[in-house]
């Protein structure tokens with residue numbers, strides 16, 4: 001089915017970016033269904049995926065209302081092409097092994113937890129309401145992934161090695177968490193968005209605490225990958241969207 | 001026959017909607033859970049607000065449908081059911097009766113006064129079977145998004161814990 005074109009005001013772009021983060025990471029977690037290392041983690045990963053997809057639904061619905069062009073949550077999720085997606089490169093990275101999934105979750109949740117908590121004071125009432133839900137959920141994701149990163153890092157030589165490798169691989173995607181552009185600037189000015197620079201110390205302290213307990217070394221900030229917020233993605237997002245969007249593209253408007 | 005007073009109508013709708021069981025924990029009603037937020041009599045009929053426990057709670061659309069069926073069956077017409085996010089649901093909204101029902105069902109109820117959770121788990125959870133606090137978490141997530149899986153060292157039974165949220 002043909003793709004839609006979204007008329008992006010700063011608010012629409014800002015909300016879509018958060019919605020895309022949540023949908024893409026939620027979809028990644030759902031890819032573990034039937035493959036998790038144990039039954040309890042199977043439940044955990046699916047439940048966390050569900051939290052994120054729930055957040056994405058609320059955010060897409062709001063982005064559609066803000067755009068006021070008749071695009072509902074499904075149109076925004078299923079009928080935008082890869083280049084129209086605005087998510088962080090971090091969340092689209094493939095699941096890899098369990099260590100990669102847990103490190104990715106830790107790096108994102110350690111950011112999203114204080115981010116949504118700060119967004120509870122947004123001047124935008126809808127974003128503040130979504131934030132109050134998401135904040136509690138992300139606190140739980142943070143706790144879950146932190147416990148696993150400690151267990152894996154401070155586990156066997158092999159689990160330590162794999163977790164260290166995951167950290168090295170994902171670290172270059174963390175710079176984007178704190179990036180801002182003119183979209184952010186205007187909304188920060190208006191009291192609608194949070195300045196991500198104000199979250200950096202909290203994020204670093206949380207990650208450093210977990211990595212310390214996990215006997216892992218925090219990587220140095222070197223070259224950072226960027227581009228997700230403006231639609232320039234790694235090669236992985238297209239494959240993810242192919243699977244995510246297949247049914248609606250093939251049978252437009254299909255419902256349960 | 002005179003039309004029922006709006007207050008009576010609202011109270012009847014609240015009673016019937018509130019009695020709808022939670023699809024995932026049928027021992028609790030949505031009133032016990034605090035998921036039923038508001039019942040109003042509007043110009044075109046009854047309006048009901050419900051709130052999700054978690055953003056992705058898959059039971060929300062089923063709860064909305066069950067409320068519609070229950071009110072229609074009672075002859076009150078089809079209500080307009082809306083989902084509201086604010087203020088965010090917390091386990092503090094669960095009634096004391098709901099907590100007792102959960103415990104009797106074998107699920108440890110959430111403690112009152114939901115605070116910020118620590119980065120690493122520090123919850124003390126009493127076993128719903130024997131009351132011992134000599135318990136440990138097995139997994140942060142149980143059979144539904146709102147529960148975790150715990151184990152009691154005193155009576156050796158595993159149990160679900162309705163997470164403080």
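Residue numbers (the UniProt record's numbering), protein chains in the order written: chain A, 1 to 256; chain B, 1 to 165.
Just so it is clear, CB atoms sit at the ideal spot from N, CA and C, and this is done for glycine as well.
Beta-carbon separation of residue i and residue j under 9 angstroms?
i, j, result
"residue 108 of chain A", "residue 21 of chain A", "yes"
"residue 79 of chain B", "residue 106 of chain B", "no"
"residue 49 of chain B", "residue 84 of chain B", "yes"
"residue 133 of chain B", "residue 139 of chain B", "no"
"residue 142 of chain A", "residue 206 of chain A", "yes"
"residue 191 of chain A", "residue 82 of chain A", "no"
"residue 164 of chain B", "residue 158 of chain B", "no"
"residue 37 of chain B", "residue 53 of chain B", "no"
"residue 145 of chain B", "residue 56 of chain B", "yes"
"residue 87 of chain A", "residue 25 of chain A", "yes"
"residue 58 of chain A", "residue 130 of chain A", "yes"
"residue 56 of chain A", "residue 6 of chain A", "no"
"residue 9 of chain A", "residue 67 of chain A", "yes"
"residue 119 of chain A", "residue 175 of chain A", "no"
"residue 28 of chain B", "residue 101 of chain B", "yes"
Using beta carbons (cut-off 9 angstroms, strictly below), is residue i in contact with chain A?
i, result
"residue 5 of chain B", "no"
"residue 72 of chain B", "no"
"residue 150 of chain B", "no"
"residue 121 of chain B", "yes"
"residue 144 of chain B", "yes"
"residue 112 of chain B", "no"
"residue 90 of chain B", "yes"
"residue 57 of chain B", "yes"
"residue 139 of chain B", "yes"
Tell me, please, whether the CB atom of residue i is closer than 9 angstroms to any CB atom in chain B?
i, result
"residue 251 of chain A", "no"
"residue 118 of chain A", "no"
"residue 144 of chain A", "yes"
"residue 192 of chain A", "no"
"residue 202 of chain A", "no"
"residue 209 of chain A", "yes"
Could you pull the start and end residues of the alpha helix (DSSP H) that residue i belongs to?
i, result
"residue 305 of chain A", "With chain A represented from 1 up to 256, any question about residue 305 of chain A goes unanswered, as that position is not in the structure."
"residue 250 of chain A", "236 to 250"
"residue 63 of chain B", "60 to 73"
"residue 52 of chain B", "Premise fails: residue 52 of chain B is in no alpha helix (DSSP H) and is neither H nor E."
"residue 130 of chain A", "125 to 153"
"residue 110 of chain B", "Unbroken run through residue 110 of chain B: none, as it is neither H nor E."
"residue 21 of chain A", "10 to 30"
"residue 36 of chain A", "That residue, residue 36 of chain A, is in no alpha helix (DSSP H); it is neither H nor E in DSSP."
"residue 78 of chain A", "73 to 78"
Considering residue i, what are the terminal residues of the beta strand (DSSP E) in which it resides?
i, result
"residue 149 of chain B", "147 to 152"
"residue 254 of chain A", "Premise fails: residue 254 of chain A is in no beta strand (DSSP E) and is neither H nor E."
"residue 139 of chain B", "135 to 139"
Determine the chain D residues that contact residue i at a beta-carbon separation under 8 angstroms, and present them in chain order.
i, result
"residue 54 of chain B", "Protein chains A and B are contained in the structure displayed, whereas chain D is not."
Does residue i come out as helix, strand or coil in the three-state DSSP assignment?
i, result
"residue 80 of chain B", "strand"
"residue 37 of chain B", "strand"
"residue 173 of chain A", "helix"
"residue 6 of chain B", "helix"
"residue 209 of chain A", "helix"
"residue 159 of chain B", "strand"
"residue 29 of chain B", "strand"
"residue 21 of chain B", "strand"
"residue 189 of chain A", "helix"
"residue 98 of chain B", "helix"
"residue 214 of chain A", "coil"
"residue 231 of chain A", "coil"
"residue 46 of chain B", "strand"
"residue 56 of chain A", "helix"
"residue 123 of chain B", "coil"
"residue 47 of chain A", "helix"
"residue 86 of chain A", "coil"
"residue 179 of chain A", "coil"
"residue 64 of chain A", "helix"
"residue 201 of chain A", "helix"
Quick check: is any heavy atom of the ligand NAD less than 8 angstroms from the C-beta of residue i?
i, result
"residue 132 of chain A", "Of ligands this structure carries none, so the ligand NAD is not represented either."
Determine, using beta-carbon pairs with one atom in the segment 61 to 78 of chain A and one in the segment 14 to 34 of chain A, whether at least three such pairs fall under 8 angstroms.
-> The segment 61 to 78 of chain A is in contact with the segment 14 to 34 of chain A.
Count the C-beta pairs between the segment 195 to 202 of chain A and the segment 241 to 250 of chain A that are closer than 8 angstroms, then say yes if the count reaches three, no if not.
-> no
Determine contact between the segment 72 to 92 of chain A and the segment 146 to 164 of chain A, defined as no fewer than three beta-carbon pairs at a distance below 8 angstroms.
-> no
May I ask you to verify whether the segment 167 to 180 of chain A touches the segment 210 to 225 of chain A, counting CB pairs closer than 8 angstroms and requiring at least 3?
-> In this structure the segment 167 to 180 of chain A lies against the segment 210 to 225 of chain A, because at least three pairs of beta carbons, one per stretch, are closer than 8 angstroms.
For the segment 130 to 147 of chain A and the segment 40 to 55 of chain A, state whether three or more C-beta atom pairs, one from each stretch, are separated by less than 8 angstroms.
-> yes
Inter-stretch contact (C-beta, 8 angstroms, three-pair minimum) for the segment 20 to 40 of chain A and the segment 94 to 106 of chain A | yes
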